[in-house]
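Encoded as structure tokens, the structure appears first; notes follow it.
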Amino acid sequence: MVGMEQRTILVKIASFRDHELILTMAAALQQASHPENIRFAVVNQFDEATERILDPVRADPRARILEIPWRESRGLGRARRASDEMYDGEDFTLQIDAHMRFVRGWDANLIRQWDSLGNERAVLSTYPGPYRVDAAGAVTANPAVPHAIVVQGIDQHGLPAITGGPEVAPFSRGLLVGGCFQFGAGCSTTEVPAQPEVLIGDVTVHSLRLFTHGFDVVVPAEIPLFHRYAKDKNWNGEAHTPFADFRESRGLWASFWAALEESNRVAKDILGSPQHVAHGTRRSREGFVKLLREYRFDGFELPDYVMK
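According to the numbering used here, the sequence shown holds residues 339 to 646 in order.
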């Protein structure tokens, strides 16, 4: 086995008008035990304020960058897929969001946890603990305890709504992944790249696809990174979302709405079809649905098209 100090990690980030992007990348390198082994696959959907945000790393051979004017963005699924396609043989991939912070030695920590499982198709995933930034720029982070991700009902689009569940034992089996933290071998990216059409409900779709391709979601014992959840007043610049930003003009909203309708159709087709080209052949969709009943809060039902 290649030594821990030699194994590479591709950090995949899809960013939408996010001032935190360069700080996230800097934190990943500063806190890594082996920053020379970290690579980035970044899709920067930029505006006027974030167009030059990646200038400090443009000449860094560790950074692979695709930049798209935000008005030309076609959703999270396509941005995630573009970052997946930047994979170039790294030992591991780590999917995160553009607003994250890290524990010292996070890279060695994740590799050590993954190694301990003895399962090359394990994917470590849960929700990281939160961090906040005060008006002076000081960061306060709260670590998360091991917990599974569960269904808590049906969202406004008719898709399963997911949230963090109760605390579980370290290295418990999971089923649903979090979009802001997925760590696994490179094959988890090459065999199950993001579904490009899906921009809402993407994590449930991705969880099903990982399962049917034979990957095992595992709740890590330690969660060595943090996520900025709150769009608080000290966010560096306005916190942007496609839903809010594409409403600024009728033309932009019309194109986004069309993409959203396509997303809902594709997501429900993948989740509801007994067989689908997006499914793998190692496990059945029915097996996923059976387990999904266990990964939900009591009293919350699953959509009928999933249960059929």
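Beta carbons are placed, not taken as given, at the ideal position from N, Cα and C, and that holds for glycine.
If you draw a straight line from the Cα of residue 540 to the Cα of residue 414, it comes to about 8 angstroms. 643 is the residue among 637, 471, 382 and 643 whose C-alpha sits nearest the C-alpha of residue 627. In this chain, the alpha helix (DSSP H) harbouring residue 645 covers 642-645. Under DSSP, the beta-bridge partners assigned to residue 439 are 564.
Between the region 415-426 and the region 525-539, the count of Cβ pairs shorter than 8 angstroms is three or higher; the stretches touch. Per DSSP, reduced to three states, the secondary structure at residue 583 is helical. Residue range 588-610 is occupied by the alpha helix (DSSP H) that includes residue 596. Bounds of any beta strand (DSSP E) do not take in residue 546; it lies within the alpha helix (DSSP H) bounded by 540-550. Under DSSP, residue 559 forms no beta bridge with any residue. Within the DSSP secondary-structure output, residue 349 pairs in a beta bridge with 378 and 432.
Between the alpha carbons of residue 355 and residue 440 lies a distance of about 21 angstroms. Comparing C-alpha distances from residue 448 to each of 371, 636 and 359 shows the shortest one belongs to 371. Secondary-structure assignment with DSSP links residue 501 through a beta bridge to 488.
8 angstroms or more divides the Cβ of residue 598 from the Cβ of residue 498. Per DSSP, residue 624 is one residue of the alpha helix (DSSP H) stretching across 623-630. Residue 618 and residue 552 have their alpha carbons spaced roughly 8 angstroms apart. In the DSSP assignment, residue 368 is bridged to no other residue. A check of alpha carbon separations from residue 379 across 357, 347, 424 and 406 identifies 424 as the nearest.
Here residue 478 is bridged, per DSSP, to 470. DSSP, reduced to helix, strand and coil, places residue 410 within a helical segment of the structure shown.
Fewer than three beta-carbon pairs drawn from the region 398-408 and the region 510-529 are found closer than 8 angstroms, and the two stretches are therefore not classed as touching. Nearest neighbour of residue 478 by Cα position, chosen from 567, 343, 623 and 556, turns out to be 567.
Relative to residue 350, the option among 606, 557, 433 and 344 whose CA is nearest is 433. Under the three-pair Cβ rule at 8 angstroms, the region 384-393 does not count as touching the region 474-488.
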